[in-house]
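Asker: Quick note: the sequence shown uses the numbering used here, first residue 72, plus one each step. This is the structure I want to talk about, given as structure tokens.
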Amino acid sequence: MTKEEIIGWGAEALLIRSGEILKKRRIKKGYRHNALDVLLRASRTRREARLLEKASGIISVPRIRAIDGMPRERIEPETEIEMEFVDGKVLSQWLDEFPLTKALTICKKIGANVAKLHDFDIIHGDLTTSNMILKQEQVYFIDFGLGFHSARAEDKAVDLHLLREALEAKHFKHGHEYFGAVIEGYKISKNARKVIERLKKVEHRGRYKGKA
Ligand SMILES: Nc1ncnc2c1ncn2[C@@H]1O[C@H](COP(=O)(O)OP(=O)(O)O)[C@@H](O)[C@H]1O
Ligand SMILES: [Mg+2]
Numbered sequence: 072m073t074k075e076e077i078i079g080w081g082a083e084a085l086l087i088r089s090g091e092i093l094k095k096r097r098i099k100k101g102y103r104h105n106a107l108d109v110l111l112r113a114s115r116t117r118r119e120a121r122l123l124e125k126a127s128g129i130i131s132v133p134r135i136r137a138i139d140g141m142p143r144e145r146i147e148p149e150t151e152i153e154m155e156f157v158d159g160k161v162l163s164q165w166l167d168e169f170p171l172t173k174a175l176t177i178c179k180k181i182g183a184n185v186a187k188l189h190d191f192d193i194i195h196g197d198l199t200t201s202n203m204i205l206k207q208e209q210v211y212f213i214d215f216g217l218g219f220h221s222a223r224a225e226d227k228a229v230d231l232h233l234l235r236e237a238l239e240a241k242h243f244k245h246g247h248e249y250f251g252a253v254i255e256g257y258k259i260s261k262n263a264r265k266v267i268e269r270l271k272k273v274e275h276r277g278r279y280k281g282k283a
């Protein structure tokens, strides 16, 4: 049997690698009421699995193998996704290690990925470089637990805005240029102009928030 190894213990999930397989297990939060806790974990798991499934036809994402394998106990609905382990470089750790031209090429690919998802009305909801893995020059997106469907330019603009904030916080040295490249890549979207216009409004609003 392949050995199991805990590779991460995120805010709400335990990540367990077993060879080519990665299990994302949403674990109980002590402070939440039990029944509510189970429902929340199950609904986020289902949402993530559905969005991963849908996104797999559009961009690179880990392939899903099983959702909870089999329904085990009726009182514990699905709270675990079994997916492909993407054996690559998590961009939060790696982006700044590359020469700037390579990093910018990657950012352009990130922008193109976001555009493709948005053109299918998928909002990722948590676009940070810790949710992106580079493997064979492809950028895989993971962690769709906060994702949702929407056709609204506002939701798409906010998705991009959160990515800008994440880049500027985590990769402050080149965050500004990185986001410029993201926007370059995003221009393949059929709604690029509208969403980029909206992004300006979102950011203007942000700057004046609390200063009125
Ligand atoms: N399919 C995968 N392949 C490789 N690494 C993964 C995969 N899924 C998650 N990881 C690693 O685990 C970390 C946390 O996983 P993630 O799905 O983002 O959970 P969380 O909701 O806790 O942020 C990621 O940043 C990444 O390093
Ligand atoms: Mg994550």
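Even glycine gets a Cβ: it sits at the ideal position worked out from N, Cα and C.
By alpha-carbon positions, which one of 74, 137 and 186 ends up nearest to residue 254?
Answerer: Residue 254 sits at position 183 when you count from the first residue of the sequence shown. The shortest Cα separation from residue 254 among 74, 137 and 186 belongs to 186.
Asker: Looking only at C-alpha atoms, which of 156, 235 and 269 sits nearest to residue 205?
Answerer: Here residue 205 refers to the residue found at position 134 of the sequence shown. Checked all of 156, 235 and 269; the closest Cα to residue 205 is 156.
Asker: Is residue 212 helix, strand or coil when you go by DSSP?
Answerer: By 1-based counting over the sequence shown, the position of residue 212 is 141. If DSSP states are grouped into helix, strand and coil, residue 212 belongs with the strands.
Asker: Report the partner residues of residue 76 according to the DSSP bridge assignment.
Answerer: On the sequence shown, residue 76 is found 5 positions in, with the first residue counted as 1. Answer is 88.
Asker: Can you say whether residue 168 is buried or exposed, counting buried as having 16 or more other CB atoms within 10 angstroms of its CB?
Answerer: The sequence position of residue 168 within the sequence shown is 97, counting from 1. Result: exposed.
Asker: Closest by CA to residue 232, which one among 114, 80, 197 and 166?
Answerer: Your numbering for residue 232 matches position 161 in the sequence shown. The shortest Cα separation from residue 232 among 114, 80, 197 and 166 belongs to 197.
Asker: Could you tell me if the beta carbon of residue 197 falls within a distance shorter than 7 Å of some heavy atom in ligand 2?
Answerer: Residue numbering aside, residue 197 sits at position 126 when the sequence shown is read from its first letter. Yes.
Asker: Rounded to whole angstroms, what is the Cα-Cα separation between residue 267 and residue 228?
Answerer: Position 196 of the sequence shown holds residue 267. Position 157 of the sequence shown holds residue 228. Each residue's Cα considered, the two are about 7 Å apart.
Asker: Ligand 1 and residue 240: does any heavy atom of the ligand fall closer than 7 Å to the residue's C-beta?
Answerer: Within the sequence shown, residue 240 is the residue found at index 169, counting from 1. Every heavy atom of ligand 1 is 7 Å or more from the Cβ of residue 240, so no.
Asker: Taking the beta strand (DSSP E) that residue 267 belongs to, which residues open and close that run?
Answerer: Start at 1 with the first residue of the sequence shown, and residue 267 comes out as number 196. Taken as a continuous stretch (DSSP letters only), residue 267 belongs to no beta strand (DSSP E), being part of the alpha helix (DSSP H) at 263–279.
Asker: Could you tell me whether the segment 245–264 touches the segment 174–188, where touching means 3 or more Cβ pairs closer than 8 Å?
Answerer: Because the criterion of three Cβ pairs below 8 Å is met, the segment 245–264 and the segment 174–188 touch.
Asker: Exposed or buried, residue 81, counting other C-beta atoms within 10 Å across all chains shown (16 or more means buried)?
Answerer: The residue given as residue 81 occupies position 10 in the sequence shown. Residue burial is scored here from C-beta neighbours: residue 81 has fewer than 16 other C-beta atoms within 10 angstroms and is therefore classed as exposed.
Asker: I'd like to know if residue 102 contacts chain C, where contact means its C-beta is closer than 8 Å to some C-beta of that chain.
Answerer: Here there is only one protein chain, and chain C is not present.
Asker: First and last residue of the beta strand (DSSP E) that includes residue 205?
Answerer: The residue you call residue 205 lines up with position 134 of the sequence shown. That run of the beta strand (DSSP E) goes 203–206.
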